[in-house]
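> Pasting in a structure now, in structure tokens, and then I'll have a few things to ask.
Encoded structure:
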């Protein structure tokens with residue numbers, strides 16, 4: 001028997017991603033989605049235009065990158081600025097919140113990238129079983 | 001024109017999640033997947049048996065949690081221990097690497113949960129446009 005308290009449904013409490021109806025959960029999915037993570041971390045390098053960002057996030061389709069950026073803009077993670085040049089330029093940058101989120105994602109990625117020997121050893125052991 | 005260097009394919013270089021064929025990319029998807037994030041962060045609370053973990057990760061199906069735990073075990077993030085009791089107990093814990101990954105994920109979740117006012121304001125502004 002699990003003795004932990006059941007998730008509360010009191011709306012005055014703080015957000016809780018563990019509660020299935022919490023509004024934070026779809027946002028968590030946007031920022032940890034396959035392309036969301038990479039777009040946010042890429043934008044830590046500085047502002048990007050769409051085509052350059054698409055080259056940076058290797059393998060993403062135009063449609064998926066466009067949907068990803070729309071979600072991130074809607075959630076307040078990414079700012080989209082249209083510059084009134086001819087032709088107009090559209091540039092994407094991180095918001096203050098997006099920058100904080102992206103910092104955690106980058107730390108996660110660095111941990112993973114520097115631990116791939118451990119991961120590969122685990123994968124080999126798992127498949128030997 | 002993007003002047004950043006193209007992703008190298010030199011296998012002696014470190015893992016790079018931005019490269020589409022890098023072996024770290026599917027692992028990133030496992031740890032940032034919808035249920036992977038929640039399972040890893042829940043396991044920071046201590047060892048869990050399957051049914052209790054499923055109650056904690058509110059909304060996950062048995063099948064999805066089972067698949068999630070299998071991926072996390074294969075990637076070396078989660079340790080699955082079968083205790084030789086009658087009936088046998090199966091307990092899940094974080095590995096050392098899983099604990100480091102889960103720490104970053106929890107920091108990400110705390111940032112998100114404490115910023116939901118900012119997120120909701122951005123969402124409202126986006127839908128007014």
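Chains as they are written, first to last, in full-length UniProt numbering: chain A, 1 to 129; chain B, 1 to 129.
Ideal Cβ placement from N, Cα and C applies to all residues, glycine included.
#1: Check for me: the alpha helix (DSSP H) holding residue 78(A) runs from which residue to which?
#2: Can you tell me which of 26(B), 64(B), 14(B) puts its alpha carbon nearest to the alpha carbon of residue 35(B)?
#3: Applying the criterion that 16 or more other CB atoms from any shown protein chain within 10 Å of the CB defines a buried residue, is residue 24(A) buried or exposed?
#4: Between the beta-carbon of residue 98(A) and the beta-carbon of residue 121(B), is there less than 9 angstroms?
#5: Between 112(B), 47(B), 42(B), which lies nearest to residue 60(B) when the distance is taken from Cα to Cα?
#6: Which residues share a DSSP beta bridge with residue 133(B)?
#7: Taking Cβ to Cβ, would you say residue 113(B) is nearer than 9 angstroms to residue 16(A)?
#8: Nearest to residue 51(A) by CA position, among 92(A), 31(A), 28(A), 30(A), is which residue?
#9: List, in order along the chain, the chain A residues whose C-beta lies closer than 9 angstroms to that of residue 101(B)?
#10: Can you name the residues of chain B whose CB is closer than 9 angstroms to the CB of residue 80(A)?
#11: Assuming the contact rule is C-beta atoms closer than 8 angstroms, residue 37(A) and residue 105(A) should be a hit. Round their C-beta distance to whole Å, please.
#12: Between which two residues does the alpha helix (DSSP H) harbouring residue 103(A) extend?
#13: Can you list, in chain order, the residues of its chain with a C-beta nearer than 7 angstroms to that of residue 28(A)? Leave out the 5 residues immediately preceding and following it.
#14: What separation, rounded to the nearest whole angstrom, lies between the Cα atoms of residue 124(B) and residue 32(B)?
#15: Here's the rule I'm using: 16 or more other beta-carbon atoms within 10 Å means buried, otherwise exposed. How should residue 82(A) be labelled?
#16: Run through DSSP, which three-state label would residue 41(A) get?
From the atom records:
#1: No alpha helix (DSSP H) holds residue 78(A); the beta strand (DSSP E) holding it covers 78 to 83.
#2: 64(B)
#3: buried
#4: no
#5: 42(B)
#6: With chain B represented from 1 up to 129, any question about residue 133(B) goes unanswered, as that position is not in the structure.
#7: yes
#8: 92(A)
#9: 108, 111, 112, 115
#10: None at all; the shortest Cβ gap to chain B is about 10 angstroms.
#11: 5 angstroms
#12: 96 to 113
#13: 17
#14: 26 angstroms
#15: exposed
#16: helix
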